[in-house]
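Following the working numbering, the numbering of the sequence shown begins with 536 at its first residue and continues without gaps.
Cβ atoms here follow ideal geometry from the backbone N, Cα and C, with glycine treated the same way.
Here is the structure we will look at.
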Amino acid sequence: MKVVELLEKTAKDTLVKSGLKLLNSKEPEKSLDKLFALVKKTIKKDKDSLEKVERVEELYNTNPSIHELVTGIVKDTNRNCMNKFFTNFFANAAWYGVPKRDKFLNDTGIKTPFTILISPSMRCNLRCSGCYASSYSKEDDIPKEELDRIIKEARDLGIYYFIILGGEPFINDYMLDLYEKYNDCMFTPFSNGTLFTEKVADRIQKLGNVIPMFSLEGFEEETDKRRGKGIFKKVMHAMDLLKERGVLFGVSSATSRNNIDTVTSDKFIDMLIEKGAKMSWYFLYMPVGKKPDTSVMLKPEQRIYLGERIREIRNKKPYFTIDFFNDAPYVGGCIAGKFYCHINSEEQVEPCIFAHFAVDNLKGKKLVDVFKSDFFRELRNRQPYNRNLLMPCMMIDNTKQIRDIVKKTGAKPTDEGARMMLEDPEFQKDLDNISKDFRPYAEKAWKEEFHSTGNYKMSKG
Ligand code: SF4
């Protein structure tokens, strides 16, 4: 290691130690100013990072809701969970991991993502209407040893953050063992919340490196109608178990034209805050899977409204919201194959949780070799697909892109919806129309709300 690198590492180690000390003081919420000062001092030579930290600090100091959210997290979170969140997410994933991945990029020309989404199993204990997970068996799961290998290879590359999907991530006990084994990484399982017991909640608290996200598409009536009687109450119970133990958790909502008013309402958000959730992640309902359905996708005006409303909640409530699509301008548009990728339960590596196309399978293949593929390279080279970053997607906004990319790189569809995107003229026409209808709305919002600019720098990052 060069002397400069060594000095930087020592400074970082000192910061992490001092940060942990502050977070473990008697009234940690009162130490946040000191923590900001410490971070800024350590990174003062890195202008980009310094700017980002200063922006966060300014928001923290000027926006009462953000102030309340941050101090609330620091105050209410169990110390072990807080320490892991600080070391595993902020220090390892977002900090130590970056130069490691950058160095790898400089040395080899291979870009590795910030996070990996993994669906270890497509099995689920529920039988929700419209969901196909029930047709999978245990034999379709990624074996524990294989998952272990994948996470290890990812961590060696500087990837410390994993989002676990499925199926139901808590259906396999071995996942908890893997979270324990990789105790310097952070894991976010997206769960239906029905398998949470006192024992599971205790284990998550003890692990500290797991932040569950509960899928909720509305209140009791909407949830039970789709998922089955009593399910909403079970999710509420799971939230209570985690809140009692000071475990951080959030909510994810697939947003369609049927539930947008509910999941963005004050009543719903206030209920989640009351239950102890700290954030919500909103995803547009996408026409993917075995039976893609475009009829419930958000209407153009609803899609714009979702973005406006999410930004409003973020500003006015002590609650963090992310809109996977309307926040694209902040991250340079589409992030598929660049900041993240998805490993499905057959070990095919897809660029995005919604883009079901792959050229590689990890069975017998190293993770790093997947990132070298022409498919991922082509995706990154073409991003952003549109100067208007409110139209980031290669499947529903820039529909020609996915057809061209697949043709050029030989990627194969991994499910029926993806196959239809390539081969079904009716479905293609549907998607083209969705994009065409959305364009004028996106152009207006892009001009008026984003002044026609976004984080283009990041789109080439
Ligand atoms: S392909 Fe579409 S859904 Fe996937 S990351 Fe890009 S914009 Fe998002």
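Query, Result
"Just list the alpha helix (DSSP H) runs in the segment 790-814, keeping only unbroken ones of 4 residues or longer that don't cross its boundaries, in chain order.", "795-798 and 801-810"
"Does DSSP put Asn641 in a helix, in a strand, or in coil?", "helix"
"With DSSP run on the structure shown, which of helix, strand or coil describes Phe784?", "coil"
"Given the structure, does Ile870 come close to the ligand ATP, in the sense that its CB is under 6 Å from one of the ligand's heavy atoms?", "Among the ligands modelled here, namely the ligand SF4, the ligand ATP does not occur."
"Give the DSSP-derived three-state secondary structure of Asn896 in the structure shown.", "strand"
"So, with DSSP's three-state summary, where would you put Lys1000?", "The structure shown does not extend to residue 1000, since the chain spans only 536 to 996, so no value can be given for it."
"Rank Met657, Cys928 and Gln883 by C-alpha distance to the C-alpha of Phe860 and give the top, closest one.", "Cys928"
"Which complete alpha helix (DSSP H) runs does the segment 552-597 hold, if anything under 4 residues is left out?", "567-577 and 582-597"
"What three-state label does DSSP hand Val770 in the structure shown?", "helix"
"Just mark Tyr865 as buried or exposed, buried being the case when its beta carbon has 16 or more other beta carbons within 10 Å.", "exposed"
"Taking 6 Å as the cut-off, does the CB of Phe889 come closer than this to any heavy atom belonging to the ligand SF4?", "yes"
"Short of 7 Å in beta carbon distance, which residues of its chain neighbour Lys569, apart from the five on each side in sequence? Order them along the chain.", "Leu557"
"State the CB to CB distance for the pair Phe705 and Tyr714, rounded to an integer number of angstroms; the pair is presumed to be in contact (CB under 8 Å).", "Their Cβ separation, rounded to whole angstroms, is 11 Å, which puts Phe705 and Tyr714 out of contact at 8 Å."
"Return the first residue and the last residue of the beta strand (DSSP E) that Tyr875 is part of.", "Tyr875 to Ile878"
"Is Cys928 a contact residue of the ligand SF4, with contact defined as CB to any heavy atom under 6 Å?", "yes"
"How would you label Gly868, buried or exposed, when you count the other beta carbons within 10 angstroms and need 16 or more for buried?", "buried"
"Is the distance from the Cβ of Glu913 to the Cβ of Ile940 below 7 Å?", "yes"
"Return the chain-ordered list of same chain residues with a C-beta closer than 7 Å to the C-beta of Lys898, the five sequence neighbours on each side being excluded.", "Glu882"
"In whole angstroms, what is the alpha-carbon distance linking Gly785 and Val551?", "25 Å"
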